[in-house]
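> Just so you know, the numbering used here puts 69 at position 68 of the sequence shown, and the rest follows in order with no gaps.
Before I ask anything, let me first share the structure, which is written out below as structure tokens.
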Amino acid sequence: MKFDVLTLFPDMFTSYLREGILGRAIERGLVDVALLNIRDFSRGVHRVVDDRPYGGGEGMVMKAGPIFRALQSVERVEGYGPVVLFSPQGEPFTQDMAWDMAECRQIIFVCGRYEGVDERVRSTCVNMELSIGDYVLNGGELAAMVVIEAVSRLIPDVLGGERSNLEDSFENGLLEYPHYTRPRVFKDLEVPPVLLSGDHEKIRLWRKKQSLKRTRERRADLLQKAELSLEDKAILEELT
Ligand code: ADE
């Protein structure tokens, strides 16, 4: 999977891309991230990438030209996916989108900055606009990192033996059950005895129950949308 990231701040990515699971995936050649500095595609000695907004007002707007030229320079790999612009006005990013993206061979990200990007970037260069939440960041760089991470961990072999992604929160439309590790007692708080019982069926049911309970308490909206089995429904009934 290749990610091409157009940004004014490529250095923001460098240590992030070296660390942990993602760092290893890059080292092993499972994921490739190319960073393109939009400023390298500006014209003139001053390397200007932004300008004042037509119509007046506060702040600066990223110019269309440098972004357009940066995008033109990106070589498209066969099976390439969308060109994504990050902005708070975009469609909310979800786990389902991450799975769709994980099918692509290449995704191109455009990280907006300043007050925004020239509207003509939207109409000519990008075919998807994404937000990672209802809050305003200084730019799309953190959003790009979030999406790169969420997508990369779905690529076969990236997680390796570490852990399956199929039990993660959201994968079955529910939040995950609570986890415990040693010690058995911490500040007078005991690990639930069922987890020490060795009875796999009992443990599975306990976890399912906790997952449903948590989802109902914290994210009732997810429960509405989740595909519930007969067992799930029976457990929920019992919980009421
Ligand atoms: N740029 C600024 N805020 C953003 C957000 N919430 N999501 C994606 N990109 C952004």
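All C-beta atoms, glycine included, are put in the ideal place defined by N, C-alpha and C.
Once you ignore the five residues that flank Val-62 on each side, which residues in its own chain have a CB closer than 8 Å to its CB?
Within the same chain, Val-62 has close Cβ partners Asp-51, Asp-52, Arg-53, Pro-54, Tyr-115, Glu-116, Gly-117, Val-118, Asp-119.
> DSSP beta-bridge partners for Gln-107?
Gln-107 pairs with Lys-3, Tyr-81.
> Within 10 Å of its beta-carbon, does Thr-95 have 16 or more other beta-carbons around it, so buried, or fewer, so exposed?
With fewer than 16 other Cβ atoms within 10 Å, it is exposed.
> For a minimum of 3 consecutive residues, which ranges assigned as the beta strand (DSSP E) are wholly contained in the segment 18-103?
With a minimum length of 3 residues, the continuous beta strand (DSSP E) runs that stay inside the segment 18-103 are 33-38, 81-93.
> Following the continuous alpha helix (DSSP H) through Leu-231, name the residue where it begins and the one where it ends.
Looking at the DSSP string, the run of the alpha helix (DSSP H) that includes Leu-231 is 231-240.
> Going by DSSP, name the residue or residues bridged to Leu-190.
Leu-190 is bridged to Phe-187.
> From the DSSP secondary-structure annotation, give me the bridge partner or partners of Leu-131.
Glu-92, per the DSSP bridge assignment.
> As a quick exercise: from Asn-139, Asn-173, Pro-194, Gln-90, pick the residue whose alpha carbon is nearest that of Gly-60.
Selected option, being the one with the closest Cα: Asn-139.
> Measure the alpha-carbon distance for Val-6 versus Asp-169 and round it to whole angstroms.
So the two alpha carbons sit approximately 27 Å from each other.
> Out of curiosity, what's the CA-to-CA distance linking Leu-213 and Pro-194?
Near 19 Å, if we compare the C-alpha coordinates of Pro-194 and Leu-213.
> Sorted by chain position, which residues of the same chain lie with C-beta nearer than 7 Å to Gly-1's C-beta, five sequence neighbours on each side aside?
Any answer about residue 1 is impossible in this case: the structure gives the chain only from 2 up to 241.
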